[in-house]
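Visitor: Heads up: the sequence lines are chains A and B, in that order.
Each residue of the first sequence is one higher than the last, beginning at 1 in the working numbering.
Each residue of the second sequence is one higher than the last, beginning at 141 in the working numbering.
Note that CB positions come from ideal geometry on N, CA and C, so glycine has one too.
Structure incoming, see below.
Protein chains: 2
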Amino acid sequence: MQGHSIGALSRRTGVKVTTIRHYEGRGLLPDPGCTGGGQRRYGDSELDRLSFIAHARQLRFDLDAIAELIALQETSHAAHGDGHRIAKDRIIEIRDRISRLRRLEAELVRVVKTCDGQSDGQPCRALHALADHQACEGEH
Amino acid sequence: MQGHSIGALSRRTGVKVTTIRHYEGRGLLPDPGCTGGGQRRYGDSELDRLSFIAHARQLRFDLDAIAELIALQETSHAAHGDGHRIAKDRIIEIRDRISRLRRLEAELVRVVKTCDGQSDGQPCRALHALADHQACEGEH
DNA sequence: CCTTGAAGCTACAGTGGCTGTAGATCGCAT
DNA sequence: ATGCGATCTACAGCCACTGTAGCTTCAAGG
Chain A
1 MQGHSIGALS
11 RRTGVKVTTI
21 RHYEGRGLLP
31 DPGCTGGGQR
41 RYGDSELDRL
51 SFIAHARQLR
61 FDLDAIAELI
71 ALQETSHAAH
81 GDGHRIAKDR
91 IIEIRDRISR
101 LRRLEAELVR
111 VVKTCDGQSD
121 GQPCRALHAL
131 ADHQACEGEH
Chain B
141 MQGHSIGALS
151 RRTGVKVTTI
161 RHYEGRGLLP
171 DPGCTGGGQR
181 RYGDSELDRL
191 SFIAHARQLR
201 FDLDAIAELI
211 ALQETSHAAH
221 GDGHRIAKDR
231 IIEIRDRISR
241 LRRLEAELVR
251 VVKTCDGQSD
261 GQPCRALHAL
271 ADHQACEGEH
């Protein structure tokens, strides 16, 4: 065989066919060679690159960051500090999101508790609690 | 004064003017009365509702869920179990997101460590580690 | 060689929740 | 009456896809 079809690439990486084409449009994958009839045929290096992209996406890197990472890979030397920095930035961002989600969780628990154990004919107090921002500790 | 302008509402709630109009377009806020010249004038009930929406958005409810909550508020009786359920669903979702973010964090830390303390002329190993999904414990 | 059906193709619209733009109009203070 | 900030509508753009329509190509079986 002289190449993987887009569907084969999709099966191997778990990335949908349409998404692969989308990545190509965004410049994350090169224009692959084609069969006579205009279908994409990929080599192993494209398979590797797509795996890289897929994994980075699972880590919630955005496509611009991924493009930057790919460019770094290709210039090899400059790569060191920069790749490092990008990954570290992401860690900071993720820690921040975790702490905000924790505050969120705490408040939702509060909202539900306001309502728990009360089941008269009144409108649900949870809704009221939801409107009452005063009760939150800090922002979300 | 016989009503708040959209800008006044914006200042009071911290919701941007364009966003308020967007909420109106989505049916979350009623068509407000107008001045002769066609500008929006809001009463206190709209202010309350917008505060509710803003708060719910900070809690990451999506607009459809918020619309549902508002509808529940208006039918008062049915409200109880449903408002409860929606809030509880959100708690489950948030807990799930927190645990996924924690896995993410752990892996990024791993990626950065792969690279730490190595600063020869080699391409950054963090990039390689990023491509190497094998090393992850579980999905993200 | 021919048929068939799965897989591929392009191009474009839609998603959610806004944000930004352009160009016109309005309301209030001076 | 004038000036200027606030507001108006309508539409395009953002991100990372996803879905649709309507077509063409490829590979395997007869």
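Measure from the alpha carbon of Ile70 (chain A) to the alpha carbon of each residue in A:Gly7, A:Leu29, A:Ile98 and A:His4, then state which is nearest.
Guide: Mapped onto the first sequence, residue 70 (chain A) falls at position 70. Among A:Gly7, A:Leu29, A:Ile98 and A:His4, the Cα nearest to that of Ile70 (chain A) is on A:Leu29.
Visitor: Closest by CA to His162 (chain B), which one among B:Leu190, B:Gly178, B:Asp229 and B:Arg152?
Guide: Translated into the one-based positions of the second sequence, residue 162 (chain B) becomes position 22. Closest by alpha carbon: B:Leu190.
Visitor: Going by alpha carbons, who is nearest to Gln179 (chain B) out of B:Arg200, B:Ala194 and B:Ser145?
Guide: Against the second sequence, residue 179 (chain B) aligns to sequence position 39. For the residues B:Arg200, B:Ala194 and B:Ser145, the minimum Cα distance to Gln179 (chain B) belongs to B:Ser145.
Visitor: At which residues does the alpha helix (DSSP H) containing Arg21 (chain A) begin and terminate?
Guide: One-based indexing of the first sequence puts residue 21 (chain A) at position 21. Note, Arg21 (chain A): alpha helix (DSSP H), Val17 to Gly25.
Visitor: Which word fits Ala135 (chain A), buried or exposed, when buried means at least 16 other C-beta atoms lie within 10 angstroms of its C-beta?
Guide: Here the question's residue 135 (chain A) lines up with position 135 in the first sequence. Model confidence at Ala135 (chain A) stands at a pLDDT of 49, short of 50, so the residue's coordinates are unreliable; what they give is reported in the following sentence. Looking at its Cβ environment, which holds fewer than 16 other Cβ atoms inside 10 Å, Ala135 (chain A) is exposed.
Visitor: Check whether chain A comes within 7 Å of Ala275 (chain B), counting only Cβ atoms and requiring the distance to be less than that.
Guide: By 1-based counting over the second sequence, the position of residue 275 (chain B) is 135. Reliability fails at Ala275 (chain B), whose pLDDT of 49 lies under 50, so the model's placement of it is uncertain and no value is given.
Visitor: Flag Lys88 (chain A) as yes if its beta-carbon sits less than 7 Å from any beta-carbon of chain B, otherwise no.
Guide: For the purposes of this step, residue 88 (chain A) is identified with residue 88 of the first sequence, where counting begins at 1. Yes, contact with chain B.
Visitor: Against Glu186 (chain B), what residues of chain A qualify as contacts under a CB-to-CB distance less than 8 Å, listed in chain order?
Guide: Numbered from its first residue, the second sequence carries residue 186 (chain B) at position 46. Correct list: empty, because the minimum Cβ distance to chain A is about 13 Å.
Visitor: Could you pull the start and end residues of the alpha helix (DSSP H) that Gly7 (chain A) belongs to?
Guide: By one-based count along the first sequence, residue 7 (chain A) stands at place 7. Run containing Gly7 (chain A): Ile6 to Thr13, per the alpha helix (DSSP H) assignment.
Visitor: Output, in chain order, the set of chain A residues within a Cβ distance shorter than 8 Å of Leu252 (chain B).
Guide: Stepping through the second sequence from its first residue, residue 252 (chain B) is reached at position 112. Looking at the sequence provided, one finds Val at residue 252 (chain B) rather than Leu. By Cβ distance, chain A contributes His84, Ala87, Lys88 and Ile91.
Visitor: Let's test the definition: count the other Cβ atoms within 10 Å of the Cβ of Glu105 (chain A) and tell me whether it reaches 16, buried, or not, exposed.
Guide: Start at 1 with the first residue of the first sequence, and residue 105 (chain A) comes out as number 105. Classification for Glu105 (chain A): buried.
Visitor: According to DSSP, Gly173 (chain B) sits in a beta bridge with which residue or residues?
Guide: Within the second sequence, the letter at position 33 stands for residue 173 (chain B). Answer is B:Arg181.
Visitor: Just checking: is the beta-carbon of Ile98 (chain A) within a distance shorter than 7 Å of some beta-carbon in chain B?
Guide: For the purposes of this step, residue 98 (chain A) is taken as residue 98 along the first sequence, with counting starting at 1. So, interface residue.
Visitor: If the criterion is Cβ atoms closer than 7 Å, does the pair Ala227 (chain B) and Leu101 (chain A) meet it?
Guide: In the second sequence, the residue the question calls residue 227 (chain B) occupies position 87. In the first sequence, the residue the question calls residue 101 (chain A) occupies position 101. Here Ala227 (chain B) is not near Leu101 (chain A), since their CB atoms are 7 Å or more apart.
Visitor: Below 8 Å on C-beta distance, what does Glu245 (chain B) contact in chain A?
Guide: Within the second sequence, the letter at position 105 stands for residue 245 (chain B). Residues of chain A passing the Cβ test: Ile91, Ile94, Arg95 and Ile98.
Visitor: Measure the beta-carbon distance from Val252 (chain B) to Ile91 (chain A) and round it to whole angstroms, keeping in mind my assumption that it falls under 8 Å.
Guide: Position 112 of the second sequence holds residue 252 (chain B). Position 91 of the first sequence holds residue 91 (chain A). Yes, Val252 (chain B) and Ile91 (chain A) are in contact; Cβ-Cβ is about 7 Å, under 8 Å.
Visitor: Compute the distance between the beta-carbons of Gly3 (chain A) and Arg57 (chain A), then report whether it is under 7 Å.
Guide: Reading the first sequence from its first residue, position 3 is the one you call residue 3 (chain A). Reading the first sequence from its first residue, position 57 is the one you call residue 57 (chain A). Their beta carbons are not under 7 Å apart, which means Gly3 (chain A) does not touch Arg57 (chain A) by this criterion.
Visitor: If you follow the alpha helix (DSSP H) that Asp64 (chain A) is part of, which residue opens it and which one closes it?
Guide: Residue mapping note: residue 64 (chain A) aligns to position 64 of the first sequence, counting from 1. Segment Leu63 to Glu74, the alpha helix (DSSP H) holding Asp64 (chain A).
Visitor: Let me make sure I understand the geometry here. Which of A:Phe52, A:Glu68, A:Arg103 and A:Glu74 has the alpha-carbon closest to that of Ile20 (chain A)?
Guide: Within the first sequence, the letter at position 20 stands for residue 20 (chain A). Ranking the options by Cα distance to Ile20 (chain A), first place goes to A:Phe52.
Visitor: Applying the 10 Å Cβ sphere with the 16-neighbour rule, what's the burial state of Thr114 (chain A)?
Guide: Looking up residue 114 (chain A) in the first sequence gives position 114. Thr114 (chain A) counts as buried, since no fewer than 16 other beta carbons sit within 10 angstroms of its beta carbon.
Visitor: Is it the case that the CB of Ala227 (chain B) approaches a heavy atom of the ligand GDP more closely than 6 Å?
Guide: No copy of the ligand GDP appears in this structure; indeed no ligand is present at all.
Visitor: Are Leu63 (chain A) and Arg97 (chain A) touching if we call contact CB-CB under 7 Å?
Guide: Locating residue 63 (chain A) in the first sequence gives position 63, where the first residue counts as 1. Locating residue 97 (chain A) in the first sequence gives position 97, where the first residue counts as 1. Cβ distance not < 7 Å, so Leu63 (chain A) and Arg97 (chain A) don't count as in contact.
Visitor: Checking contacts by CB at 7 Å: is Leu59 (chain A) closer than that to chain B?
Guide: Working through the first sequence from its first residue, we reach residue 59 (chain A) at position 59. Chain B contact via Cβ: present.
Visitor: Are the C-beta of Leu108 (chain A) and some C-beta of chain B separated by less than 7 Å?
Guide: The sequence position of residue 108 (chain A) within the first sequence is 108, counting from 1. For Leu108 (chain A), the answer is yes, since a Cβ of chain B falls inside 7 Å of its Cβ.
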